[in-house]
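Before any comments, here is the structure.
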Amino acid sequence: MSPDTAFLLGLIQDIGIAVIANATGERYARSVGRVQHVPQLLLHNVERSEFGHTHADVSAALLQKWEMPASLVDPVLAHHGGNVPPSKVGQGFVRVMRIGEAIADLADSQCPQQRNVLNDLLAGYSSDKQRRCTEAMAEGVARAVEATALLRLPVPKPQSMLLLADELQTVHDGELVVIA
Numbered sequence: 002m003s004p005d006t007a008f009l010l011g012l013i014q015d016i017g018i019a020v021i022a023n024a025t026g027e028r029y030a031r032s033v034g035r036v037q038h039v040p041q042l043l044l045h046n047v048e049r050s051e052f053g054h055t056h057a058d059v060s061a062a063l064l065q066k067w068e069m070p071a072s073l074v075d076p077v078l079a080h081h082g083g084n085v086p087p088s089k090v091g092q093g094f095v096r097v098m099r100i101g102e103a104i105a106d107l108a109d110s111q112c113p114q115q116r117n118v119l120n121d122l123l124a125g126y127s128s129d130k131q132r133r134c135t136e137a138m139a140e141g142v143a144r145a146v147e148a149t150a151l152l153r154l155p156v157p158k159p160q161s162m163l164l165l166a167d168e169l170q171t172v173h174d175g176e177l178v179v180i181a
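Numbering (this note's numbering), first residue to last: 2 to 181.
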């Protein structure tokens, strides 16, 4: 799988979280709160128990609705152990997705169980590959910290953005002209 495909999957694998949160509102927020306060709980297990499906199920369903190829849908469905035959999904790639998920879980809570999950996933690699994974994770964390700083910018009010968009509609000689 190409790095571009891996990047895309990293972005869309958890889109179901937003869908469930939007559909159920405060109920989902309470579920997430429970997971954050009880480190042994895993979000996908709580989702299945309380909603009958996981965010991975919803993400995969949405990707199918968008007519994305199975090469994208199947790993998204499998990243929490969904019912996808092993032959349909590159298990190495699913392991990488699960490592990413384990890192995210570990970032939420430093409990030993979550550290063990990450260690178990890494144990499937040679010592050289484990070292390279650790280096890549460190780089990924550094980039995430950098991206988080960007997200701390104040978010403009929607009305302000609409006004700005209206102002930017005037085009003069093929160039955008801002009307002040």
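Positions of the beta carbon are idealized from the N, C-alpha and C atoms, including for glycine.
List the whole-angstrom C-beta distance separating residue i from residue j, where the pair is believed to meet the contact cut-off of C-beta under 8 Å.
{"i": "Leu73", "j": "Ile16", "result": "With 8 Å as the limit, Leu73 and Ile16 do not qualify as a contact, their Cβ atoms being about 12 Å apart."}
{"i": "Leu44", "j": "Asp58", "result": "13 Å between Cβ atoms; not a contact."}
{"i": "Met98", "j": "Leu10", "result": "7 Å"}
Does the beta-carbon of residue i have 16 or more other beta-carbons within 10 angstroms, so that it is buried, or is it exposed?
{"i": "Gln14", "result": "buried"}
{"i": "Pro70", "result": "exposed"}
{"i": "Ala139", "result": "exposed"}
{"i": "Pro76", "result": "buried"}
{"i": "Asp106", "result": "buried"}
{"i": "Leu12", "result": "exposed"}
{"i": "His38", "result": "exposed"}
At the level of alpha carbons, what is the spacing between residue i and residue j?
{"i": "Leu151", "j": "Arg144", "result": "11 Å"}
{"i": "Ile104", "j": "His81", "result": "14 Å"}
{"i": "Ser50", "j": "Pro4", "result": "34 Å"}
{"i": "Gln115", "j": "Gln65", "result": "31 Å"}
{"i": "Val184", "j": "Ser60", "result": "For the chain, the structure presents residues 2 to 181; residue 184 sits outside this window and is missing."}
{"i": "Ala148", "j": "Phe52", "result": "31 Å"}
{"i": "His54", "j": "Val146", "result": "31 Å"}
{"i": "Cys112", "j": "Val118", "result": "10 Å"}
{"i": "His56", "j": "Tyr29", "result": "11 Å"}
{"i": "Glu136", "j": "Val33", "result": "30 Å"}
{"i": "Thr6", "j": "Gln92", "result": "15 Å"}
{"i": "Glu102", "j": "Ala108", "result": "10 Å"}
{"i": "Arg132", "j": "Thr25", "result": "41 Å"}
{"i": "Gly141", "j": "Ser128", "result": "20 Å"}
{"i": "Val20", "j": "Lys130", "result": "35 Å"}
{"i": "Arg31", "j": "Trp67", "result": "29 Å"}
By Cβ distance, which residues of its chain are closer than 8 Å to residue i, with the 5 residues on each side in sequence left out?
{"i": "Cys134", "result": "Ile100, Leu123 and Tyr126"}
{"i": "Asp121", "result": "none"}
Leaving out the 5 sequence neighbours to the left and right, which residues in its chain are closer than 7 Å to residue i when beta-carbon positions are compared?
{"i": "Arg35", "result": "Leu42 and Val47"}
{"i": "Glu27", "result": "none"}
Who are the near neighbours of residue i in its chain, counting only those whose CB is closer than 6 Å to its CB and skipping five residues on each side?
{"i": "Ala22", "result": "Tyr29"}
{"i": "Ile18", "result": "His56"}
Discussion item. So within the segment 28–88, which uninterrupted alpha helix (DSSP H) runs reach at least 4 residues, ignoring any that extend past its ends?
Written reply: 44–52, 56–66 and 71–79
Discussion item. Report the start-end ranges of each beta strand (DSSP E) in the segment 118–149 that is 3 residues or longer and not cut off at the edges.
Written reply: none
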